[in-house]
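Notes to accompany the following structure.
Numbering (our numbering), first residue to last: 268 to 647.
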């Protein structure tokens with residue numbers, strides 16, 4: 268526990284206690300132990316097998332969770348611990364409740380082989396689009412284990428403690444001679460700004476848990492429910508004179524589209540998703556009249572709001588999520604078109620752009636398009 272606290276990390280149990288409403292958490296399979304008796308493991312058989320699984324209430328709503336315990340066998344995943352997590356996922360689907368993972372692991376337990384992750388991958392895919400899945404990277408997540416959070420809907424990372432990569436710096440150096448640090452390779456900055464794997468970056472684990480709760484407040488518990496309606500106290504008929512002054516009349520003049528969004532939504536409360544990735548496209552959740560909506564908007568401050576490959580992927584994924592969970596989509600367009608250039612053409616702008624179009628048309632939810640100033644060419 269002291270080692271965890273020294274590096275700014277909480278223990279697996281502390282994460283569970285902070286996440287769930289007090290006194291509501293019910294632990295599952297707490298007496299499970301691994302069945303490996305080779306390589307000296309017969310004398311190292313801790314109860315729970317390095318992961319806590321269970322369910323409880325988060326702001327009064329049922330949620331399932333699993334929390335990997337790095338203080339026990341390095342949080343490694345064996346057959347028993349993988350079975351515990353997979354069972355929690357299956358129960359979440361049956362209960363029609365979200366599942367949240369607190370990931371802090373040394374990877375697959377080599378004494379038991381690497382096939383254990385297949386149990387998780389299978390359940391992630393089966394659960395996709397049925398219940399919201401959220402991953403919090405609260406330590407290391409390396410190798411094939413990275414595909415587990417990648418298969419979920421949203422990924423949170425914490426500055427200074429979170430790392431995620433398929434091949435570590437030592438492997439990369441041995442294989443191709445490149446030298447790079449863990450933070451430069453798989454820290455929150457590259458994962459949120461370059462690869463786009465990470466949706467949210469926070470400064471502490473406590474903030475991470477609070478932001479997960481905030482995210483869940485916009486989402487239904489499953490695809491069988493409507494998103495939760497909240498009385499925000501914001502008059503839906505209000506007149507906002509400042510909104511008329513944000514957008515300059517000159518079509519080439521930049522402005523911050525987030526200012527427009529905050530004036531439109533209830534109480535200016537906008538929960539942005541992938542804020543650091545493909546910043547020419549804005550995605551996020553808000554409420555209008557107390558009802559959760561998904562916002563997709565061009566950002567004239569970045570690349571004049573034009574659409575490139577990354578922006579297309581970002582919007583397409585968000586459209587698909589909103590469609591799965593019956594969240595209406597509001598699109599605010601101010602776009603000169605798809606980004607021209609050899610780099611984007613060779614990167615596959617046709618294919619990526621088609622993904623966005625497909626996602627938007629396929630979405631079977633209410634959709635509203637507002638052309639703020641312009642929408643030219645293929646982007647229209």
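Backbone N, C-alpha and C define an ideal beta-carbon position, used for all residues, glycine too.
Owing to the predicted nature of the structure, the values given are computational and were not obtained by experimental measurement.
Delimiting residues of the alpha helix (DSSP H) encompassing residue i
i, result
"residue 356", "346-362"
"residue 511", "510-513"
"residue 701", "What the structure shows of the chain is the stretch from 268 to 647, and residue 701 is not part of that stretch, so it cannot be assessed."
"residue 475", "472-485"
"residue 392", "384-394"
Close-in-space but distant-in-sequence residues of the same chain around residue i (CB under 6 Å, 5 per side omitted)
i, result
"residue 404", "370, 424, 429, 431"
"residue 505", "none"
Spatial neighbours of residue i in its chain, beta-carbon cut-off 8 Å, leaving aside the 5 residues before and after
i, result
"residue 394", "356, 359, 360, 366, 400"
"residue 353", "386, 387, 389, 390"
"residue 631", "590"
"residue 460", "543, 544"
Closest by C-alpha distance to residue i, when choosing among the options
i, options, result
"residue 287", "270, 329, 297", "329"
"residue 525", "446, 539, 574, 427", "539"
"residue 411", "568, 402, 434", "434"
"residue 209", "438, 444, 492, 452", "The structure shown does not extend to residue 209, since the chain is modelled only from 268 to 647, so the question has no answer here."
"residue 274", "407, 496, 351", "407"
"residue 573", "560, 644, 507", "644"
Span of the beta strand (DSSP E), counted from its first residue to its last, around residue i
i, result
"residue 322", "318-325"
"residue 403", "400-404"
"residue 295", "293-295"
"residue 334", "328-335"
"residue 368", "366-370"
"residue 467", "467-469"
"residue 407", "407-409"
"residue 287", "Looking at the DSSP string, residue 287 is not in any beta strand (DSSP E), and its letter there is neither H nor E."
Proximal residues to residue i (C-beta, below 7 Å), its chain only, five neighbours per side dropped
i, result
"residue 639", "514, 527, 599, 600, 601"
"residue 499", "533, 534, 554, 557"
"residue 304", "Note on residue 304: pLDDT 48, under 50, position unreliable in the model; the coordinate value appears next. There are no such residues."
Sub-8 Å separation of residue i and residue j beta-carbons
i, j, result
"residue 655", "residue 336", "The requested residue 655 does not occur in the structure, where the chain is confined to residues 268 to 647."
"residue 596", "residue 634", "yes"
"residue 606", "residue 570", "yes"
"residue 637", "residue 611", "no"
"residue 351", "residue 372", "no"
"residue 567", "residue 516", "no"
"residue 449", "residue 422", "no"
"residue 363", "residue 398", "yes"
"residue 552", "residue 487", "no"
Heavy atom of the ligand FAD within 7 Å of residue i beta-carbon
i, result
"residue 602", "Ligands are entirely absent from the displayed structure, and the ligand FAD is therefore not among its contents."
- Query: Which whole runs of the alpha helix (DSSP H) in the segment 553-633 are 4 residues long or more, in chain order?
  - Reply: 576-591, 609-614, 616-629
- Item | Those runs of the alpha helix (DSSP H) which lie wholly inside the segment 498-553 and span at least 4 residues | 510-513, 524-531
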